[in-house]
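Numbering (my numbering), first residue to last: 1 to 474. Even glycine gets a Cβ: it sits at the ideal position worked out from N, Cα and C. Below you'll find the structure, written out as structure tokens, and then a few comments.
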Amino acid sequence: MGRTIHCSRPPSGDRSLTTVGGCTLVNDPNIAIIGAGFAGFGASHQLRELGVEATIYEKRSVHGGHTSTHSYDDGFLFDEGPHISFTQNKRLQELFAESIGGTYEKLRASVNNYWQGHWIKHPAQVNLHGLPHQVVIDSIKDFVAASHAPKDSHKIENYEDWLIAAFGKTFAETFPAVYTRKYHTTDAKNLTTDWLGPRLYRPELEEVLRGALVPQAPDVHYVDHFRYPTEGGFVSYLNGFRKRSRVECDSEIVEIDPKAKSLRTSDGRVIEYDSIISSVPLPRLIRMIKGAPPDVVEAAGKLACTEVVLVNIGVSKPHVRDDHWTYFYDEDIAFARLSYPSNFSPNVAPKGCTALQAEVYFSDKWKPRDKPAEAYIEPVIDGLLKAGLIDGRDQVVHTSTIVAPFANIIFDHDRPAAVKLIHGYLDDIGVGYCGRFGDWGYIWTDQAFASGEKAARRALDRMAKGEVAAGVGA
């Protein structure tokens, strides 16, 4: 191990007090933020707005975290998954626009589905027109039966129950149940329903009938318009925040000592802190905390999350489809979702080429990956050929992969109790948490930024109240 360097702060008795955002604090408090993604920058931004400068520690050599953008020598840019900004919050819209100098694309979302050779407008439940007649008939018949069933006959104990009660058995088993296995890596019965929000639209009978009888039904998708940076990929949204923040890249935190209120980095540095905020995935965060009790460690081991292999494909076609992303229900097609980054911005691919990104999901708990990421390139190309998106392998001019070990939270039945226990413990020892993987929730990038802001306010409140005492709960 390298040389140990102590980054000390003055003794508390030698530090004067000041008021920040209504909180009385020691002058120049040492606040550490772990993770330079949207949540980490949200926390840093909020603290700076309140007159406090924090330091963000990022283990990678670049910022961005889950919203990083990968640039390749041949001119293709691929994000670490399909990220867009569709917040309706005017304050956040203005913040993000300012961060990229106002250079963004504003796009009307075009989303569809692919099933057995059919391209179906999203959501499929109100766009059944053109599908095999028996599928349409059975879907409507089951939907009517489910809609008129006595309310007390639907005992909703899991996501599978919810799907059947909401859409009827035929549609549920043909579409969302299959997609669940591809995207969440497990059966719908193994999931809860507390993650749904607006993600699955529950239609009225008239909407189902209209969508079955006419080719074009009204738009009801929860994403209407969205924004995307004109240049540099999605990570560009953090440009302004990066310039205004104190960020230490290549600084992997490997241990948090809540009693000593110190961090240890992989290169041997010891950094003292007054308060800490983390966007690190909870299972990793708990492993980093010195003295974490066995029941908390056990709870962290029960948390499930998908790993995604992102297969990036560049093709020598100037246009593939007008859509922004497509959900794929065929189980013999490797990927669950395909996005069309060139339709987000024309500047993510060389002129005359199109960028495509496929998502292939795994999880340690339900579906471990047993092949290297590169092994999924050819199956993805097979899927593109089957769907008619490319005409031949000779059109493929770029292939690469990105592996995100933490992609989407799996809301299985172990999650609620485990998260409650872990968050309670972190509150006790004064370790703040934020973002998708700190909150351990299904939140988008805009929400992750706001989560970081909330964690920053909580950190200041706790410091002012003297609740962050070394050793509490440790």
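Coarse secondary structure for N30, derived from DSSP in three states
Position 30 of the sequence shown, counted from the first residue, corresponds to residue 30. Residue state, collapsed to three classes: coil.
Any 3 or more C-beta pairs closer than 8 Å across the segment 276-292 and the segment 28-36:
Yes, since at least three Cβ pairs between the segment 276-292 and the segment 28-36 fall closer than 8 Å, the two stretches touch.
On the DSSP bridge assignment, give the partners of A355 in chain order.
Along the sequence shown, one-based indexing puts residue 355 at 355. As a beta-bridge residue in DSSP terms, A355 pairs with G314.
Residues near V220 in its chain [Cβ-Cβ closer than 8 Å; skip 5 each side]:
Your numbering for residue 220 matches position 220 in the sequence shown. Once the five neighbours on either side are set aside, the close Cβ partners of V220 are P123, V126, Y201, P203 and E207.
Rounded to a whole number of angstroms, what is the C-alpha to C-alpha distance between L209 and H129?
Locating residue 209 in the sequence shown gives position 209, where the first residue counts as 1. Locating residue 129 in the sequence shown gives position 129, where the first residue counts as 1. If I take the Cα positions, the gap works out to 9 Å.
is_contact[H324, chain B] using C-beta, thresh 8 Å
Reference to chain B is not applicable here, since this structure consists of a single protein chain.
Could you check if D322 is buried or exposed, using at least 16 other CB atoms within 10 Å of its CB as the buried criterion?
Position 322 of the sequence shown holds residue 322. Exposed, by the Cβ-count rule.
V431 to D28, Cα distance in whole Å?
Start at 1 with the first residue of the sequence shown, and residue 431 comes out as number 431. Start at 1 with the first residue of the sequence shown, and residue 28 comes out as number 28. Roughly 19 Å separates the two Cα atoms.
Apart from the five residues on each side of it in sequence, which residues of its chain come closer than 7 Å, Cβ to Cβ, to K155?
Mapped onto the sequence shown, residue 155 falls at position 155. So the qualifying residues of the chain are D161.
Could you tell me the distance, in whole angstroms, from the CA atom of G40 to the CA atom of P294?
In the sequence shown, residue 40 corresponds to position 40, counting from 1. In the sequence shown, residue 294 corresponds to position 294, counting from 1. Roughly 28 Å separates the two Cα atoms.
Considering only the beta carbon of each residue, do N131 and D412 sit closer than 8 Å?
Taking the sequence shown and counting its residues from 1, the one referred to as residue 131 is at position 131. Taking the sequence shown and counting its residues from 1, the one referred to as residue 412 is at position 412. As written in the sequence, residue 131 is Leu, which differs from the Asn given in the question. Not a contact, by the Cβ cut-off of 8 Å.
Going by DSSP in three states, A450 sits in which element: helix, strand or coil?
Looking up residue 450 in the sequence shown gives position 450. DSSP places A450 in helix when its eight states are reduced to three.
Suppose you measure from the CA of V136 to the CA of V320; what does that come to, to the nearest Å?
Numbered from 1 along the sequence shown, position 136 holds the residue referred to as residue 136. Numbered from 1 along the sequence shown, position 320 holds the residue referred to as residue 320. Those two C-alpha atoms are separated by around 28 Å.
Inside the segment 30-107 only - beta strand (DSSP E) runs reaching at least 3 residues
31-34, 55-57, 69-71 and 77-79
Taking Y327 as part of the beta strand (DSSP E), name the residues at either end of that continuous run.
As a first step, residue 327 must be located in the sequence shown, where it is residue number 327. First-last of the beta strand (DSSP E) with Y327: W325 to F328.
For the putative contact between L356 and L385, defined by C-beta atoms under 8 Å, what is the C-beta separation to the nearest angstrom?
In the sequence shown, residue 356 corresponds to position 356, counting from 1. In the sequence shown, residue 385 corresponds to position 385, counting from 1. No, L356 and L385 are not in contact; Cβ-Cβ is about 12 Å, not under 8 Å.
Taking the straight line between their C-alpha atoms, what separation do you get for A459 and D74?
The residue given as residue 459 occupies position 459 in the sequence shown. The residue given as residue 74 occupies position 74 in the sequence shown. The alpha-carbon atoms of A459 and D74 are separated by roughly 44 Å.
Strictly by DSSP, which residues pair up with G432?
Here residue 432 is taken as the residue at index 432 of the sequence shown, counted from 1. DSSP lists I277 as partners of G432.
Validate contact between the segment 240-254 and the segment 51-60 using beta carbons, cut 8 Å, 3 pairs:
Contact between the segment 240-254 and the segment 51-60 is present, because at least three Cβ pairs lie under 8 Å.
Return the residue from the list A418, I381, T174 and D142 that minimises the CA-CA distance to V360.
For the purposes of this step, residue 360 is taken as residue 360 along the sequence shown, with counting starting at 1. Minimum Cα distance to V360 is reached at I381.
Based on DSSP bridge pairs, tell me the residues matched to S339.
Residue numbering aside, residue 339 sits at position 339 when the sequence shown is read from its first letter. Bridge partners of S339: W325 and Q357.
First and last residue of the uninterrupted alpha helix (DSSP H) at T180:
Numbered from its first residue, the sequence shown carries residue 180 at position 180. For T180, the uninterrupted alpha helix (DSSP H) segment begins and ends at P176 to Y183.
In three-state terms, what does DSSP make of H6?
Your numbering for residue 6 matches position 6 in the sequence shown. Because H6 carries a pLDDT of 38, less than 50, the predicted location of this residue cannot be relied on, and no value is offered for it.
Under the three-state reduction of DSSP, which class applies to I140: helix, strand or coil?
In the sequence shown, counting from the first residue as 1, residue 140 sits at position 140. Three-state result, I140: helix.
Per DSSP, what kind of secondary structure is Y228 in: helix, strand or coil?
Position 228 of the sequence shown holds residue 228. In this structure, Y228 counts as strand in the three-state DSSP scheme.
Are the CB atoms of Q395 and V315 nearer to each other than 8 Å?
Position 395 of the sequence shown, counted from the first residue, corresponds to residue 395. Position 315 of the sequence shown, counted from the first residue, corresponds to residue 315. For Q395 and V315, yes; Cβs fall inside 8 Å.
Which word fits L303, buried or exposed, when buried means at least 16 other C-beta atoms lie within 10 angstroms of its C-beta?
As a working note, residue 303 is residue 303 in the sequence shown. The residue in question, L303, is buried, as its Cβ has 16 or more Cβ neighbours within 10 Å.
List the DSSP bridge partners of K367.
In the sequence shown, the residue the question calls residue 367 occupies position 367. The partner list for K367 (beta bridge, DSSP) reads S363.
Helix, strand or coil at W119 according to DSSP, with G and I counted as helix
Residue mapping note: residue 119 aligns to position 119 of the sequence shown, counting from 1. The answer is strand: DSSP assigns W119 an E or B state.
Would you mind giving the Cβ-Cβ distance between V223 and Y329, rounded to the nearest angstrom? I have them listed as a contact below 8 Å.
Against the sequence shown, residue 223 aligns to sequence position 223. Against the sequence shown, residue 329 aligns to sequence position 329. That pair is no contact at about 19 Å.
Cα-Cα, which of S139, F449, T174 and S85 is closest to N113?
Counting from one through the sequence shown, the residue named residue 113 turns up at place 113. Here the closest residue by C-alpha is T174.
Using a Cβ-Cβ cutoff of less than 8 Å, which residues in the same chain neighbour E307 once the five nearest sequence positions on both sides are dropped?
Taking the first residue of the sequence shown as position 1, residue 307 is located at position 307. Same-chain partners within the cutoff: Y361, F362, S363, D364, R369, V403, A404, P405, F406 and A407.
Between the C-alpha atoms of S8 and S451, what's the straight-line distance to the nearest angstrom?
By 1-based counting over the sequence shown, the position of residue 8 is 8. By 1-based counting over the sequence shown, the position of residue 451 is 451. Unreliable positioning characterises S8 in this predicted model, as indicated by a pLDDT of 38, which lies under 50. The coordinate reading is nonetheless provided below. The alpha-carbon atoms of S8 and S451 are separated by roughly 29 Å.
Given T170, which residues of its chain have a CB within under 6 Å of its CB, disregarding the five upstream and five downstream residues?
Residue mapping note: residue 170 aligns to position 170 of the sequence shown, counting from 1. The answer, listed in chain order, is D138, S139 and D142.
Taking the C-alpha atoms as reference points, what is the distance between A470 and A97?
Residue mapping note: residue 470 aligns to position 470 of the sequence shown, counting from 1. Residue mapping note: residue 97 aligns to position 97 of the sequence shown, counting from 1. Residue placement at A470 cannot be trusted, given a pLDDT of 40 that sits under 50; the coordinates are not used to answer.
Nearest to I286 (by Cα), restricted to the options Y433, L50, G211 and T55:
Along the sequence shown, one-based indexing puts residue 286 at 286. Among Y433, L50, G211 and T55, the Cα nearest to that of I286 belongs to Y433.
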